[in-house]
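Working notes, structure below.
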């Protein structure tokens with residue numbers, strides 16, 4: 002498992018478990034936005050975009 006938070010704003014705030022569930026702790030309104038997910042394995046590759054709105 003690898004989780005890349007390019008700009009470092011999620012340092013120590015991300016958790017990914019075996020099921021693929023992603024948890025962001027201490028969520029903030031500034032975390033709102035579009036997120037890209039990329040999964041690569043020897044059998045397939047998937048890319049998805051998710052919109053997150055924190056109010």
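In the numbering used here, the protein residues as written are 2 to 56. We put the beta carbon where it would ideally sit given N, CA and C, even for glycine. Keep in mind that this is a model prediction, so the values were computed, not measured.
Candidates the options, of which the one nearest residue i by Cα
i	options	result
residue 36	27, 54, 19	54
residue 40	52, 12, 30, 22	22
residue 28	38, 15, 20	15
Residue i, buried or exposed, once every other Cβ within 10 Å from all chains shown has been counted against 16
i	result
residue 10	exposed
Those residues which DSSP pairs with residue i across a bridge
i	result
residue 34	53
residue 28	The partner list for residue 28 (beta bridge, DSSP) is empty, contrary to what the question assumes.
residue 40	47
residue 69	Since the displayed the chain opens at 2 and closes at 56, residue 69 lies outside it and no answer follows.
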